[in-house]
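Down below is the structure, laid out as structure tokens.
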Amino acid sequence: MLQLDRLTLRAGDFTLSANWTAEVGQKIAVMGPSGAGKSTLLSAIAGFLPPAEGHTRWQGSDLAAVPPGERPVTILFQDQNLFPHLTVAQNLGLGLRPDLRLAASDNTRITAALQSTGLEGLGSRRPAQLSGGQASRAALARALLRARPILMLDEPFAALGPALRAEMLALVSEVAGKTGALVLMVTHDPSDAQALGGNTVFVADGVAHPPKETKALFSDPPPALRAYLGPK
Amino acid sequence: MTPPLPNGKRRWPARLATVPFLCRRSPRLLLVGRCFGRGARRNGRGVGVTRPLPPLLALLLLALVAAPLVAVALRGAGVSLGPADWLGPADWLGPADWLGPADWAAVRFTVTQALLSSLVATALAVPVARALARRRFFGRGLLVTLMGAPFLLPAVVAVLGLLSVFGRSGLLNSGLSALGLPPVSIFGLQGVLLAHVFLNLPLAVRMILQGWLSIPAERVRLAQSLGFGPAETLRHLEAPMLREVLPGVALVILVICLTSFAVVLTLGGGPAATTIELAIYQAVRFDFDLARAARLAGVQVVICAAAALAAWVLVRPAGFGAGVDRQVPLPAPGGWRRGADGVALTGATLFLILPLLAVALRGLPGLVDLPPSVLPAALRSVMVALISATLTTAAALVLALAAARRPSALVEAAATLPLATSGLVLGTGLFLIVQPFMPPSRLALPVTVVVNSALTLPFLYRILLPQTRALHADYGRLADSLGLQSWPRLRWLALPRLARPLGFGAGIAAALSMGDLGAIALFAADRQATLPLVIQQLTGAYRLEAAAAASLILVTLSFALFWACDAGGRRASA
Numbered sequence: 000m001l002q003l004d005r006l007t008l009r010a011g012d013f014t015l016s017a018n019w020t021a022e023v024g025q026k027i028a029v030m031g032p033s034g035a036g037k038s039t040l041l042s043a044i045a046g047f048l049p050p051a052e053g054h055t056r057w058q059g060s061d062l063a064a065v066p067p068g069e070r071p072v073t074i075l076f077q078d079q080n081l082f083p084h085l086t087v088a089q090n091l092g093l094g095l096r097p098d099l100r101l102a103a104s105d106n107t108r109i110t111a112a113l114q115s116t117g118l119e120g121l122g123s124r125r126p127a128q129l130s131g132g133q134a135s136r137a138a139l140a141r142a143l144l145r146a147r148p149i150l151m152l153d154e155p156f157a158a159l160g161p162a163l164r165a166e167m168l169a170l171v172s173e174v175a176g177k178t179g180a181l182v183l184m185v186t187h188d189p190s191d192a193q194a195l196g197g198n199t200v201f202v203a204d205g206v207a208h209p210p211k212e213t214k215a216l217f218s219d220p221p222p223a224l225r226a227y228l229g230p231k
Numbered sequence: 000m001t002p003p004l005p006n007g008k009r010r011w012p013a014r015l016a017t018v019p020f021l022c023r024r025s026p027r028l029l030l031v032g033r034c035f036g037r038g039a040r041r042n043g044r045g046v047g048v049t050r051p052l053p054p055l056l057a058l059l060l061l062a063l064v065a066a067p068l069v070a071v072a073l074r075g076a077g078v079s080l081g082p083a084d085w086l087g088p089a090d091w092l093g094p095a096d097w098l099g100p101a102d103w104a105a106v107r108f109t110v111t112q113a114l115l116s117s118l119v120a121t122a123l124a125v126p127v128a129r130a131l132a133r134r135r136f137f138g139r140g141l142l143v144t145l146m147g148a149p150f151l152l153p154a155v156v157a158v159l160g161l162l163s164v165f166g167r168s169g170l171l172n173s174g175l176s177a178l179g180l181p182p183v184s185i186f187g188l189q190g191v192l193l194a195h196v197f198l199n200l201p202l203a204v205r206m207i208l209q210g211w212l213s214i215p216a217e218r219v220r221l222a223q224s225l226g227f228g229p230a231e232t233l234r235h236l237e238a239p240m241l242r243e244v245l246p247g248v249a250l251v252i253l254v255i256c257l258t259s260f261a262v263v264l265t266l267g268g269g270p271a272a273t274t275i276e277l278a279i280y281q282a283v284r285f286d287f288d289l290a291r292a293a294r295l296a297g298v299q300v301v302i303c304a305a306a307a308l309a310a311w312v313l314v315r316p317a318g319f320g321a322g323v324d325r326q327v328p329l330p331a332p333g334g335w336r337r338g339a340d341g342v343a344l345t346g347a348t349l350f351l352i353l354p355l356l357a358v359a360l361r362g363l364p365g366l367v368d369l370p371p372s373v374l375p376a377a378l379r380s381v382m383v384a385l386i387s388a389t390l391t392t393a394a395a396l397v398l399a400l401a402a403a404r405r406p407s408a409l410v411e412a413a414a415t416l417p418l419a420t421s422g423l424v425l426g427t428g429l430f431l432i433v434q435p436f437m438p439p440s441r442l443a444l445p446v447t448v449v450v451n452s453a454l455t456l457p458f459l460y461r462i463l464l465p466q467t468r469a470l471h472a473d474y475g476r477l478a479d480s481l482g483l484q485s486w487p488r489l490r491w492l493a494l495p496r497l498a499r500p501l502g503f504g505a506g507i508a509a510a511l512s513m514g515d516l517g518a519i520a521l522f523a524a525d526r527q528a529t530l531p532l533v534i535q536q537l538t539g540a541y542r543l544e545a546a547a548a549a550s551l552i553l554v555t556l557s558f559a560l561f562w563a564c565d566a567g568g569r570r571a572s573a
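One line per chain: the protein sequences are R and C, in this order.
Counting with numbering that gives the first Met the number 0, you get residues 0 to 231 for the letters of the first sequence.
Counting with numbering that gives the first Met the number 0, you get residues 0 to 573 for the letters of the second sequence.
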């Protein structure tokens, strides 16, 4: 269980508070206007921004002293999820062993992860030789290998077309299903949130509201969400 | 429950997930918290691990530079470190004795020659830079590259070349005597100025050229559409740029000339043309008056620190390897201005090339008959250059990576303090420290390595810092989120991504160290002489053929080292 316990984040004048919990295996879309603090929330959970007040807990333990690489978290950023000077296979390998001392069994797992994300045979390529969709798949393949219990996506598919994005969402669900991860995904697009299924956290006016069931939320949106979504 | 992973290993059991890493981390975090205070983790950059290496390295570097300065200060104030020549409190010197008349003359000459050198070099560089900025001709790129080379040219070689052209039996005086005119002397103030202009004109030209090329293309187009002539262009475009750029250029050259030693050692000297650096050298080598050397070194530090501080504040990086072309060509007026630009370019080219050509022509025949001291000295120089380049590059990388992650006054100080010193100052301090325990000449080469590393560190740090900052901005979070830390982070992220600037910086450090003549002159007996010292000794003995031959070897080795490191970095980054 991920618990944001009266969490307050501050960066300059900006403040964001959150006080809710999310369960293992839940799929949560994070929506809200630009600058509302969606990425800030994910940054804090990933360990890049220490809380000003309150606590982030995972299974009851406070994460404050845990550095990003050791948190139970995999995060996909908007871009630069792959190191351009390493091959795709090496980029995946970093998810298993940061020192890249890979055993034969590790390589087998990398090959399997490439296969299950539709990247068979592309392990020796550099990221520059991949398409945008393939690069996203590679980042998801690494998330699969890392198998951390929280998978966070900070709009990594924003640059992709609608068809590719739908494909990626399906892959996210597949990866989350295989690893049993709690998914937190920032998106601007209500249809993405609906495609993900599950719940939605709406972030506005300095508050990340508790997750609500996406269908119910959209069928009867509160005023701030109604303003964000615009007239139908 | 969720299905297991393909091979079921290292699967993250959700409920137990936090336990192992909390346990693994906490002892070290505790230690870090104790050592570096509470602020370390809470500075808006998130949860990170403060690593002890960068602060320790910074402290070590500070100590390395500060210890000689302290030794200098103590000795300068009359305290001796050695039991053998303890002066005692009765020997405390009064303010009147603190610097003698000869010392004050050295201070005056140091400042005068540096100011004049900087003014002349800057003034002469303006027309050359303007001509390079607005003319397009065959060989322009080559000429701009040539302007970058003297930064790496050993000063002893430049001096030798100037002696060949302007010296007693050089080209100029041969021509004058053929015309029945009296000869001109290259020694004294004019010689020092000539050499400093020769060494620094190219740097000034490149910096000012950057200024011209940085005039925004929109403004150039606007000027053209308004029908500006050369006079209006000067007034509205060029003069404002020059006002901004020239003070910095002059200051950088001033700082360089304040600590110049090799030039003054050969071309200066005597009561009228002795700099502080030279006076230190003479006090140590000939008079063995270490207290006087220490006092002079103290004065030198104060002057250098003031100038370096001013330069640090005012000067933007010169951009050694920056591009030289722009989209919108600057207006290139015809008429006499075309001729004037031609004269400026031809004059500068001849001034820079003739001395080097003279060294080459003179040295080639001598290569078959080298003095026996040259090759062992060359070997020593290469070793010194390789070791100090390795040390500096590693230290600069550690500091620049740390500074990119988290700004630190300690790191910044360690990378800046050497600018307030010089080879002779650090050399004097180390001499004072070593001398009570063993003959300093035994440590000549290690001391040279240490001094060269310290003095090149600020350059390398500045070369690497923008690159490490970009690296941190682009991939810092990704690396953190994957737990890529310490050696793997260096091996798989920093080294491959920074190979190019590392190679370039190591090349600069190696070439500078190879050609440097400073601390070694204080320490070396004949058996430890480096190649620049041998060349200086040959030049001083007027064995110019042998000196030229040795110079050819030195220049070839310097540029070969630079090229090897730079090319190595490029290849590794591919």
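For each residue, glycine too, the CB sits at the ideal point set by N, CA and C.
None of these values were measured; they are calculated from a predicted model.
| Check | Outcome |
| --- | --- |
| Beta carbons nearer than 7 Å to chain R: which residues of the segment 449-479 of chain C have them? | Asp473, Tyr474, Arg476, Leu477, Asp479 |
| Runs of 3 residues minimum, wholly inside the segment 166-198 of chain R: which ones carry the beta strand (DSSP E) assignment? | 181-185 |
| Checking the sheet assignment: what are the DSSP bridge partners for Met151 (chain R)? | R:Ile74, R:Leu183 |
| Please look up how many angstroms separate the CB atoms of Leu234 (chain R) and Gly92 (chain R), rounded, as I've assumed it's under 8 Å. | Residue 234 (chain R) falls outside the range modelled here, since chain R spans only 0 to 231, and no answer is possible. |
| Given 8 Å as the limit, is there contact between the segment 141-159 of chain C and the segment 349-364 of chain C, that is, 3 or more CB pairs closer than that? | yes |
| Closest by CA to Leu431 (chain C), which one among C:Phe186, C:Leu492, C:Leu521, C:Glu544? | C:Leu521 |
| Output yes if chain R places a C-beta closer than 8 Å to the C-beta of Gly267 (chain C); else output no. | no |
| For a contact meaning CB atoms closer than 8 Å, what does Arg499 (chain C) contact in chain R? | Chain R residues near Arg499 (chain C): none, gap ~11 Å exceeds 8 Å. |
| Which term fits Gln223 (chain C), buried or exposed, when burial requires 16 or more other beta carbons within 10 angstroms of its beta carbon? | exposed |
| Return helix, strand or coil for Arg74 (chain C), following the three-state DSSP convention. | helix |
| Have a look at R:Lys177, R:Leu41, R:Val65, R:Leu6 and flag the residue whose alpha-carbon is nearest the alpha-carbon of Pro155 (chain R). | R:Leu41 |
| Can you tell me the Cα-Cα spacing of Val174 (chain R) and Ala112 (chain R), whole angstroms? | 10 Å |
| Counting only the same chain and skipping the five closest in sequence on each side, list residues whose C-beta sits under 8 Å from that of Arg136 (chain R). | Thr116, Gly117, Leu118, Met167, Leu170 |
| Quick check on the DSSP output: what are the complete beta strand (DSSP E) runs of length 3 or more inside the segment 110-155 of chain R, in order along the chain? | 149-153 |
| Reducing DSSP to helix, strand and coil, say where Arg139 (chain C) ends up. | helix |
| State whether the segment 20-31 of chain R contacts the segment 127-146 of chain R, with contact taken as three or more CB pairs (one from each stretch) at a distance under 8 Å. | no |
| Any C-beta of chain R sitting closer than 8 Å to the C-beta of Pro487 (chain C)? | yes |
| Can we say the segment 246-255 of chain C touches the segment 111-119 of chain C, given the rule of at least three CB pairs closer than 8 Å? | yes |
| His208 (chain R) bridges to which residues according to DSSP? | DSSP, once it has assigned bridges, lists no residue as partnering His208 (chain R). |
| Distance check for Arg135 (chain C) and Pro129 (chain C), CA to CA, integer angstroms please. | Checking the sequence, you will find Arg at residue 129 (chain C) rather than Pro. About 12 Å. |
| How big is the Cα-Cα spacing for Ala63 (chain R) and Gly482 (chain C)? | 16 Å |
| Mapping the DSSP letters down to three states, classify Asn90 (chain R) as helix, strand or coil. | helix |
| Compare the Cα-Cα distances from Phe558 (chain C) to each of C:Ser572, C:Ala523, C:Arg74, C:Ser512 and report the closest residue. | C:Ser512 |
| Can Ala51 (chain R) and Arg108 (chain R) be called in contact, C-beta distance under 8 Å? | no |
| Chain A partners of Arg496 (chain C), CB-CB under 9 Å? | The displayed structure is made up of protein chains R and C, and chain A is not among them. |
| Report the residue from C:Pro229, C:Thr420, C:Leu180, C:Leu200 whose alpha carbon sits nearest the alpha carbon of Gly297 (chain C). | C:Thr420 |
| Look at the alpha carbon of Val202 (chain R) and the alpha carbon of Asp473 (chain C), and state the distance between them as a whole number of angstroms. | 26 Å |
| Inspect the beta-carbon positions of Gly24 (chain R) and Leu216 (chain R) and report whether they are closer than 8 Å. | no |
| For chain C, find out if any of its Cβ atoms is closer than 8 Å to the Cβ of Ala127 (chain R); answer yes or no. | no |
| Are Pro531 (chain C) and Gly514 (chain C) touching if we call contact CB-CB under 8 Å? | yes |
| For Trp562 (chain C) and Gly502 (chain C), I'd like the C-alpha separation in whole angstroms. | 9 Å |
| Mind checking who Ile27 (chain R) pairs with in its DSSP beta bridge? | R:Leu183, R:Asn198 |
| Taking 8 Å as the CB-CB limit, is Ile74 (chain R) close to chain C? | yes |
| Is the beta carbon of Asp191 (chain R) less than 8 Å from the beta carbon of Phe76 (chain R)? | no |
| Start and end of the beta strand (DSSP E) containing Thr232 (chain C)? | Element bounds for Thr232 (chain C): not the beta strand (DSSP E) but the alpha helix (DSSP H), 229-232. |
| Using a threshold of 8 Å, state whether the C-beta atoms of Leu537 (chain C) and Ala545 (chain C) are closer than that. | yes |
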